[in-house]
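Position in the sequence shown (from 1) plus 20 gives the number in this note's numbering.
Here is the structure we will look at, set down as C-alpha cells.
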Amino acid sequence: MRELNVIAIDGPAASGKSTIGRILADELGYLFLDTGCMYRAATLAALQQGVAVTNETAVTTLSHAIEIDIKPPAAEGDGRHYTALLDGQDVTWALRLPEVDTHVSLVSSYAGVRQEMVQRQRRFGLRGKVVMVGRDIGTVVMPDAPLKLYITASAEERARRRWLDRQDQGHSNSFEVILADVQRRDEFDSTRQHSPLHPAPDAIILDTTGRSPQSIINEILALAQAAADLML
Ligand code: DC
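So, in C-alpha cells, the structure goes:
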C-alpha cells in the first residue's frame, strides 16, 4: 500500500479512538500519537506546580515552558502503550489521575495552550507515517490528512469502557460519576470557543457501539487502502 502521511482520528472521550488508533499504528508500522496526553501533561504540570487551572495566563505560560515527550513504551510491562515524559519525568500513569480528568477540558479550552500544542503536534505530523488521535486533528491540526475518521459511541458505552479502565488502574469512581463526567466533557469539548469537537466535513464517521476493535480496524484498513489508491 502507498504510504499515507497521516491518518487523522477524532472523536469524543472514551469512544475507543485511542485503542483503535494504537492497533492501527501497530498494524501499519506507523507512529501513534495520542494528542490528548499533551493537554493532560499541561494539566498535570499546573496541578503539580500549584498553578490554578482557572488562571488562563499562568497555565498558558506554563504550557509553553514544559517539555513533553512521547516515546514508544520501553520494557515496563505495565500495560502502557507509550511513555509520556513531562520535563523528563515519566508521567504515563499520572496523566490518567481523576484530578487530571476533571480539569483537562478547561486547560484544553485555552487558546494559547492549544496554539502551542497544535504546533508541537504538526511537527510530529511532518515526520509522516503517523496515526494521530484527538479532537481537532482533521479540522485544525492536519486538515490535509488523506484519511480522516471520526470515531464515536453512545455516552453509556463510553462511560462503561472508561469505568473498566479506571478499575484496572485502581481508581474507585462509580459508573454514575464517570458517566456524568463523560457527558460534562462532551458538552464542554463540543461547545468551547476554540476548535470545538466536531467531525471534519470530509471525515468518515464510525460508531463503535457494540462493535469489536478488530472489525473497526478491518474497515479502516480498507478505507486506508482506498485513500492510498486515490493518491496513485
Ligand atoms: O482524549 P483525552 O480524554 O485524553 O483528552 C483529554 C482532553 O484534551 C479532552 O478534554 C479534550 C482535549 N483534547 C483536545 O482538546 N484536543 C485534542 N487534539 C486532544 C484532546
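Just so you know, even glycine gets a beta-carbon here, dropped at the ideal spot from N, CA and C.
All values reported here derive from a predicted model rather than from experimental measurement.
Start-to-end residues for the beta strand (DSSP E) that takes in residue i
i: Ala34; result: Careful: Ala34 lies outside any beta strand (DSSP E) and carries neither H nor E.
i: Thr112; result: Taken as a continuous stretch (DSSP letters only), Thr112 belongs to no beta strand (DSSP E), as it is neither H nor E.
i: Gly154; result: 150-154
i: Ile198; result: No beta strand (DSSP E) holds Ile198; the alpha helix (DSSP H) holding it covers 195-211.
i: Leu217; result: Unbroken run through Leu217: none, as it is neither H nor E.
i: Asp227; result: 224-227
i: Tyr170; result: 167-172
Host alpha helix (DSSP H) of residue i (start-end)
i: Tyr329; result: As displayed, the chain neither begins before 21 nor continues past 252, which places residue 329 out of reach and without an answer.
i: Asp185; result: 175-188
i: Ile237; result: 233-250
i: Thr81; result: 76-85
i: Thr159; result: Premise fails: Thr159 is in no alpha helix (DSSP H) and is neither H nor E.
i: Asp121; result: 118-128
Counterpart residues of residue i in DSSP-defined beta bridges
i: Val26; result: Val150
i: Phe52; result: Val151
i: Ala104; result: Ile90
i: Leu44; result: According to DSSP, which records beta bridges pairwise, Leu44 is partnered with nothing at all.
Cβ-heavy atom distance, residue i to ligand 3, below 7 angstroms
i: Gly158; result: Ligand 3 is absent from the structure shown, which contains only ligand 1.
Cβ-heavy atom distance, residue i to ligand 1, below 7 angstroms
i: Gly154; result: yes
i: Ala61; result: no
i: Arg205; result: yes
i: Asp209; result: yes
i: Ala33; result: yes
i: Thr228; result: no
i: Ser235; result: no
i: Ser128; result: yes
i: Ser83; result: no
i: Gly145; result: no
i: Val124; result: yes
i: Gly49; result: no
i: Gly148; result: no
i: Gly36; result: no
i: Gly132; result: no
i: Gly99; result: no
i: Gly41; result: no
Expected contact under 8 angstroms - CB spacing of residue i and residue j to nearest Å
i: Met152; j: Leu53; result: 5 angstroms
i: Ile224; j: Lys37; result: That pair is no contact at about 13 angstroms.
i: Gln135; j: Thr55; result: Wrong, their Cβ atoms sit about 14 angstroms apart, outside the cutoff.
i: Glu23; j: Ile237; result: That pair is no contact at about 18 angstroms.
i: Gln234; j: Arg116; result: Going by Cβ atoms, the distance from Gln234 to Arg116 rounds to 24 angstroms, so no, they are not a contact pair.
i: Val161; j: Gly145; result: 7 angstroms
i: Glu239; j: Leu226; result: 7 angstroms
i: Thr103; j: Thr112; result: 5 angstroms
i: Glu88; j: Met58; result: Strictly speaking, residue 88 in this sequence is Ile, with Glu absent from that position. Yes, Ile88 and Met58 are in contact; Cβ-Cβ is about 6 angstroms, under 8 angstroms.
Contact with chain D by residue i, beta-carbon distance below 8 angstroms
i: Trp183; result: This model lacks chain D altogether; it includes just one protein chain.
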